[in-house]
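Take 46 as the starting number for the sequence shown in my numbering and just add one per residue.
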Amino acid sequence: MTVNDEASYEVYCLADRLFYDQPSRHAGENTDFAVTARTTPQDWAHEPSDTWMYYAPHGAVVPTQGWKIHVSSRLADAERVLDTVWDFCMKNRIPFKFLRSRNVAVVFNAKSAFRGSSGKLVTIYPFSDAQFEAVLAELDDLLRGVAGPYILSDLRYSDGPLYVRYGGFTERFCVSDNGERVLAIEDAEGVLVPDVRGPTFALPPWISLPSFLEPHFAARAAVTTTDLPYTIESAMQFSNGGGVYLGRENRSGDRVVLKEGRPYAGLDVTGRDAVTRIGHEREMLTRLAGLDVVPAVLGYFELGGHHFLVEEFVDGNPLQRLLVHRYPLTHPDPGPAELAEYVEWALGILAKVSAAVDALHGRGVVFGDLHPENILVTADGRLVLIDFEVATLVADEARSSLAHPAFSAPADRAGIEVDRYALACMCLGMFAPQATITTRFDSGKARQIAAYAAEVFPLPPGALDDAVRTIEGSAPAPSRMSGLPLPGVSTWDEVRTALRTAILASATPDRDDRLFPGDIAQFSPGGGISLAHGASGVLYALAATGAGSFPEHEDWLRKHALTPAEGITTGFYNGLHGVAYALAELGHRPDALRIVERCLAMPVDATELGLHGGLAGIGLNLLHFRDELGIEPALTVVDRVAERLGGVTDVPEISGGDHPRAGLMFGSAGPALLFLHAYEQTGDQGLLDRAEIALRQDLRRCVRAEDGTAQVDQGWRTLPYLDEGSAGIALVLQRYLHHRPDDQLAEMLTGLRAVTRSSYYVQPGLYTGRAGMLLAAEPSAVDTLVRGLSWHAVPCADGLAFPGDQLLRLSMDFATGTAGVLFALGSVLHGEPVRLPFLADPKNPDATGHSSSNEHLKEV
């Protein structure tokens, strides 16, 4: 099973309330399509996954690439489509796959789904161009009358539900120009190149459009905006439901906003599509006409089946953008005046939001999706609520079908109480952004968040009391999370025990796909045993921090590591090399060596360079096992990395230029770490030169902020984190400076480490959250970082656990969840402080770190 890159985290929220899991394990109503229960013919192969059902005749030689056919369908037609395709493909012995359930189909076609490929219910793989044409002609007739969303990545065939695209049939990979491992197809010379899948139809340069498709291509180009009374100037945003465009009314020249609804696309949980919601928004705004807190309706039209609502242009910024810009805790050491100024601004905004919501209720409307992205604030102070697609009537006492998870009311709230709950979350969220999402796991978190906010900000007494009461409801349960600095604990032993208890309680040794719940990446081939997201990372963190060894779970890991899933990679954090490292650390070195030898026999041609899953991590692990393997295998990898990395100004590099990533896990810092270790083993000064080149590639991606921090600039955001931000680069740069002091680079290191003095991080995890900051923290920042972990800690099975990436579910894994938090705390609290693999002190490689105590866990 592969985690499809078209899937979203929401797919993996269907099966379990606490943890990400495969949607096929949903314990509630079975929403699988009826065709999934059909008996597969004996001469056919069938492979089910969490999202797709694959079928192919035995012995069939399926092309590696070619023209594929996609069938789109609205939910009402899905069963008919699947029955028809099953019968047709079985009769003609053509491989195919389809989405397995209604739930998966809704999520894959939801408003937040990947818009390029959304709408695909079925994929068919013809054996030849001749069969490709014949299948289209026959299915077009058989599926006449079926309706479905337009598949934006494809060319539509005729006016029915069939779409086509040239691409890969089987999974092959290459390294793209920007250094990432991506799905690939062969070009005209037989060279693997990226299989580009975007939101518009595009042919590979060496492929010609078949002549029978030319009329369909012409029909696609025939729909234009030329005759509209509006001129579209730019796209403001896109979702799977359609775009939001900035334009002008041709006669008056006034600026307007055009909001698009794609038919049958952008589904909500009730199955309503974007067109239905656009029409509903028009009705709600018409009812609210005249209120200054909503945009005016200016028009409505249809073009090419898509519906457009024309609204007043409000020249303002989303409140979320203003919040990010103004929030003082994202900067090191904010002063009293800065905190007081923010409090005055935030409370003023909240008063305006409350008045706006009251005005809606006075007109009989419940907004239903209140959060900072749906609030515009103009330069002159006007506040406007936008996006009324899921608004309801007060009299209906209903709940909205879409809502931001951090502001979504629990099931016992309806009608205006939905807005009151979201407003309460906003009150807390203005001082602890996104932290309110943890109240879905424990309503008592609201009181803790409010207490922390009142401690940090100069808030008026009781300013957040009403918000807390609203979130807790009429019968609040006392939370076990009220103590600080970490909830309910005051010593390292207590913290470690609490985290270990939750981790062990979550174990599922009866399953083969995973032992501990974690990120959705654990459902990729081998992800359930990997260091980043699988069992090896969890067991490694437990052992390294003195939380214990667990032979039964280690046996599970050994069994699944020695007979790994097909398609597993050789990478360090995402594949077999990391599993081998962990097994050796757990005392199973013979097993580890067997796995490393298996890795040496596997191809690595399509492997990127980074530490997480690339050649840098592989080379470092080979150096780690040099006593048994010798140093030559590792130096061979070092040479390959050096060749591909390039020089200071060379094009072939993995950070800088067009590459969006930098840092320890995905940028040039990983190769720099490899070069440093190779230098430490060989004394070759040229390797130290290479390490400097690699580090400078990453440093070119960094920008200095007014607050003195240096962060990785991705163009649309800056990152301080361990995986592809400042903290990870700092760890490697610090090691480099031990070997070759440099005043300029030392000054840059100061800026990189300064990011650890911030008081706020959106997520708690090791890779992209607060925990990772501890590994590079300045000493003065450690106490604040440790105490700040309480923002996200929640009770779980008589212990403590942490949400994973996206904060929608708890995670126990190393990269995103509780095991990673445990490991990070062990870097500052454990008697022998731990360090990430290959990042021990170069002055004392056998030591794990510096001495510490429980000073950071004393009660406040």
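Ideal placement from N, C-alpha and C gives every residue a C-beta, glycine not left out.
Beta-bridge pairing by DSSP links G288 to F283.
In this structure, DSSP gives V151 a helical state, which the three-state scheme calls helix. By the neighbour-count criterion, in which 16 or more other beta carbons inside 10 Å mark a residue as buried, Q67 falls on the buried side.
Within a 10 Å sphere around the beta-carbon of M98 sit 16 or more other beta-carbons, which makes this residue buried. The residues L354, F433, E434, in chain order, have a CB closer than 7 angstroms to that of E326 in the same chain once the five nearest residues on each side in sequence are set aside. For S453, the secondary structure class from DSSP, reduced to helix, strand or coil, is coil.
Look at L830 here: in three-state DSSP terms it is helix. Apart from sequence neighbours up to five positions away, the residues of its chain that approach M135 with a beta-carbon distance below 7 angstroms are P86, ordered along the chain. Measuring C-alpha to C-alpha distances from T608 to each of I574, E124, F847 identifies I574 as the nearest. By the CB criterion at 8 angstroms, I420 and P363 fall inside the cutoff. The DSSP assignment places no complete alpha helix (DSSP H) segment of no fewer than 4 residues inside the region 470-498. Between G213 and L200, the CB-CB gap reaches or exceeds 8 angstroms.
If you keep only unbroken beta strand (DSSP E) runs of at least 3 residues inside the region 332-416, you get 342-348, 351-357, 361-363.
Contact fails between the region 784-797 and the region 832-849, because fewer than three Cβ pairs, one in each stretch, are under 8 angstroms apart.
Annotated three-state conformation of P882 is coil, per DSSP. In this structure, H578 keeps its C-beta atom at 8 angstroms or more from the C-beta atom of A588. For P716, DSSP records no beta bridge to any residue. The beta-carbon separation of G380 and M857, rounded to 39 angstroms, does not stay under the 8 angstroms limit for a contact. In the DSSP assignment, E418 falls outside any alpha helix (DSSP H) and carries neither an H nor an E.
The C-beta distance from S117 to K165 rounds to 7 angstroms, short enough to meet the 8 angstroms contact threshold. The C-beta distance from L628 to A637 rounds to 4 angstroms, short enough to meet the 8 angstroms contact threshold. The residues S53, E55, S284, N285, in chain order, have a CB closer than 8 angstroms to that of S157 in the same chain once the five nearest residues on each side in sequence are set aside. Here G190 carries a coil assignment [DSSP, helix/strand/coil]. With a cut-off of 8 angstroms on Cβ pairs, the region 831-841 is in contact with the region 468-487, counting three or more such pairs.
Only residues of its own chain outside the window of five on either side were considered, and among them F133 have a CB closer than 8 angstroms to the CB of E183, listed in chain order.
Contact between the region 759-776 and the region 808-815 is present, with at least three C-beta pairs closer than 8 angstroms.
I114 has I169, V209 as its beta-bridge partners, per DSSP.
Taken in chain order, the complete beta strand (DSSP E) segments of 3 or more residues contained in the region 704-773 are 747-749, 755-758. Straight across, the Cα-Cα distance linking L333 with P171 is about 53 angstroms. In the displayed model, T321 falls within a helix according to three-state DSSP.
Between V873 and V831, the CB-CB gap stays under 8 angstroms. Taking the C-beta atoms as reference points, I431 is found nearer than 8 angstroms to P340. Under the DSSP assignment, R556 falls outside any alpha helix (DSSP H); it carries neither an H nor an E label. With at least 16 other beta carbons inside 10 angstroms of its own, M471 counts as buried. Short of 7 angstroms from the beta carbon of D128, and not among the five residues preceding or following it, lie these beta carbons of its own chain, in chain order: V80.
Pairing D672 with S221, the inter-Cα distance amounts to about 35 angstroms.
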